[in-house]
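The sequence shown begins at 6 in the working numbering and counts up one residue at a time. These notes concern the structure reproduced below.
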Amino acid sequence: MPEAPVQKSLAVITRALHGIDEELDRHAAGQGRVSSAKQLASIRAQLSQMELQLSSPELPPRTERLRGVGRVIADSWPYDSPLGSTILEAEQLYLKA
Numbered sequence: 006m007p008e009a010p011v012q013k014s015l016a017v018i019t020r021a022l023h024g025i026d027e028e029l030d031r032h033a034a035g036q037g038r039v040s041s042a043k044q045l046a047s048i049r050a051q052l053s054q055m056e057l058q059l060s061s062p063e064l065p066p067r068t069e070r071l072r073g074v075g076r077v078i079a080d081s082w083p084y085d086s087p088l089g090s091t092i093l094e095a096e097q098l099y100l101k102a
């Protein structure tokens, strides 16, 4: 398995996880900008699972990888959300790694 795509995917997933944590902190303070705390926690859990899969020696075949986060973002988040863009990029890189 090529190392560069996996490493790039992991880097973007890490950035997305940090962004979600920051947004969850804003929600806890009553100042959330996107989504709900529940949806953010669900997206975070899926990204964490993607991170675990990419870090393991046995990455699932592309047809069996986790999907769906991108659809949630595209369907219900503002188009100009930097966090949404990062999450979309993370999912796409994971699916291609």
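By construction, the Cβ of each residue, glycine as well, lies at the ideal position given by its N, Cα and C atoms.
Outcome for residue i when other beta-carbon atoms lying within 10 angstroms are tallied against a minimum of 16
i	result
Glu63	exposed
Met6	Because the pLDDT at Met6 is just 48, under 50, the model does not fix this residue reliably, and the value given afterwards should be weighed accordingly. Met6 is exposed by the Cβ-count criterion.
Ser40	buried
Gly73	exposed
Glu96	buried
Supposed contact pair residue j and residue i - C-beta distance, whole angstroms, cut 8 Å
i	j	result
Leu98	Lys13	6 Å
Ala21	Thr91	5 Å
Reduced DSSP category for residue i - H, G, I as helix; E, B as strand; rest coil
i	result
Ala95	helix
Val11	helix
Val39	coil
Pro87	helix
Proximity below 9 Å, CB of residue i to CB of residue j
i	j	result
Ile48	Ile18	no
Val11	Leu59	yes
Discussion item. Three or more C-beta pairs under 8 Å: does that hold for the stretch 38-53 against the stretch 18-29?
Written reply: Counting Cβ pairs under 8 Å, three or more are found: they touch.
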